[in-house]
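Heads up: the sequence shown is residues 773 to 1033, going by the numbering used here. Here's the structure we're looking at; comments come further down.
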Amino acid sequence: MVSPLLVTKLHLPSSRSPLVQRKRLWEKLDWGLTSRLILISAAAGFGKTTVLSEWAHQTQAFVSWLSLDEQDNDPTRFWTYIIAALQQNIQDIGEATLAMLRSSEPFPFEVFLTPLINELAQLETALILVLDDYHLITTPEIHDSLTFFLEHLPTQIHLAIATRVDPPLPLARLRVRSQLTELRAEDLRFTDEEAVTFWHQSVSQPLTDAQIATLQTQTEGWVAGLQLAMLSLRDSISHDVFINSFGGNKRYILDYLVEEV
């Protein structure tokens, strides 16, 4: 019996407001439309999903979004969700693949993915397939099938992956062939200017640029760190004392590290 699909996994995250406009990252992602794979790889709290979703809202290409979870480690479920994501933009695509996935007879992934790739090759417009939280996928068969899919994608189709760890895909080969666009922690860190903008947009407490610069140094541009500093500062009596002592022992930081990292 096939489980029903959770349609909210296919929804593009809504824009947050206020938001730091990170055009330097969007420009790099735009350049990724010349690549097969766009990889955003960094630890928790660097704003991977936010950057990718905000870019998806403003790009001219079609975007099919899939938010992954641990239950998607079943290959049939994984590819059924991918086809459902694609069908948000292209009605009825992947029906032949779905029929094979639902069959009692198991098919090799090369067999059930071939008609899907052939259908994608007929599209005349660019399309981005986004897989968010790919680090939750640990099944080797899924990695192998996604490698086959990626290596045979037509030029107008692009795969974008957001993950906390590099996936076991042929990244080195894609990099050498100029078919890989990468955003990593060093790219995602807030610059000093972005940190000042974020603070002035998000916080009612007045801080000097020097105080913000100190927090920026303490958090090393870690987006979640600045957000958690903002929450912690609300309970602080002295801004200077708090900022100079801000670190991993603060309650909100500790909670985040325990739950997410």
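Glycine is no exception: its CB is placed at the ideal position from the N, C-alpha and C atoms. In this text the structure is predicted, and so the values were computed from the model without any measurement.
Rounded straight-line distance, which links the Cα of residue j to that of residue i
{"i": "E954", "j": "R794", "result": "16 Å"}
{"i": "E966", "j": "Q832", "result": "25 Å"}
{"i": "Q983", "j": "L801", "result": "32 Å"}
{"i": "P785", "j": "T852", "result": "21 Å"}
{"i": "L925", "j": "A985", "result": "44 Å"}
{"i": "M1002", "j": "T963", "result": "17 Å"}
{"i": "A1080", "j": "P940", "result": "The chain is shown only over 773 to 1033; residue 1080 falls outside these bounds and no answer can be derived."}
{"i": "S876", "j": "D846", "result": "15 Å"}
{"i": "E992", "j": "R961", "result": "7 Å"}
{"i": "T980", "j": "L1000", "result": "18 Å"}
{"i": "A828", "j": "D904", "result": "12 Å"}
{"i": "S775", "j": "S825", "result": "27 Å"}
{"i": "R849", "j": "Q990", "result": "42 Å"}
{"i": "F920", "j": "D844", "result": "18 Å"}
{"i": "N861", "j": "A996", "result": "32 Å"}
{"i": "S839", "j": "L918", "result": "16 Å"}
{"i": "S787", "j": "Q951", "result": "29 Å"}
{"i": "L895", "j": "D864", "result": "13 Å"}
First and last residue of the uninterrupted beta strand (DSSP E) at residue i
{"i": "H930", "result": "929 to 935"}
{"i": "E724", "result": "As shown, the chain starts at 773 and ends at 1033. That puts residue 724 outside it, with no answer to give."}
{"i": "R739", "result": "Because residue 739 is not part of the residues shown, which for the chain are 773 to 1033, the question remains open."}
Element boundaries [alpha helix (DSSP H), containing residue i]
{"i": "I900", "result": "Unbroken run through I900 is the beta strand (DSSP E), 899 to 904; no alpha helix (DSSP H)."}
{"i": "R796", "result": "795 to 803"}
{"i": "L922", "result": "912 to 923"}
{"i": "V779", "result": "Here V779 belongs to no alpha helix (DSSP H), and DSSP marks it neither H nor E."}
{"i": "V792", "result": "It is not in any alpha helix (DSSP H) - V792 carries neither H nor E in the DSSP assignment."}
Burial state of residue i (16 or more Cβ within 10 Å)
{"i": "T757", "result": "Because residue 757 is not part of the residues shown, which for the chain are 773 to 1033, the question remains open."}
{"i": "H783", "result": "exposed"}
{"i": "P1034", "result": "Any question about residue 1034 goes unanswered here, given that the chain covers just 773 to 1033."}
{"i": "W971", "result": "buried"}
{"i": "H930", "result": "buried"}
{"i": "L778", "result": "exposed"}
{"i": "V883", "result": "exposed"}
{"i": "Q988", "result": "buried"}
{"i": "V792", "result": "buried"}
{"i": "V948", "result": "exposed"}
{"i": "A944", "result": "exposed"}
{"i": "W994", "result": "buried"}
{"i": "A857", "result": "buried"}
{"i": "R796", "result": "exposed"}
{"i": "M773", "result": "Note that M773 scores a pLDDT of 45, beneath 50, so its modelled location is shaky; the value from the coordinates is reported in the next line. Result: exposed."}
Contiguous beta strand (DSSP E) assignments of at least 3 residues, all confined to the stretch 809 to 876: For the stretch 809 to 876, the full-length beta strand (DSSP E) segments reaching 3 residues or more read 809 to 813, 834 to 839 along the chain.
Quick one: any contact between the stretch 932 to 949 and the stretch 904 to 916, if contact means 3 or more CB pairs under 8 Å? With the rule of 3 Cβ pairs closer than 8 Å, the stretch 932 to 949 counts as touching the stretch 904 to 916.
Would you be able to state if there are at least three C-beta pairs under 8 Å between the stretch 832 to 848 and the stretch 898 to 905? yes
Is there contact between the stretch 803 to 819 and the stretch 945 to 962, where contact requires at least three CB pairs shorter than 8 Å? yes
Considering only residues of the stretch 959 to 996, which uninterrupted alpha helix (DSSP H) runs meet the minimum length of 4 residues and lie entirely inside it, listed in chain order? DSSP runs (the alpha helix (DSSP H)) wholly in the stretch 959 to 996: 964 to 974, 981 to 991.
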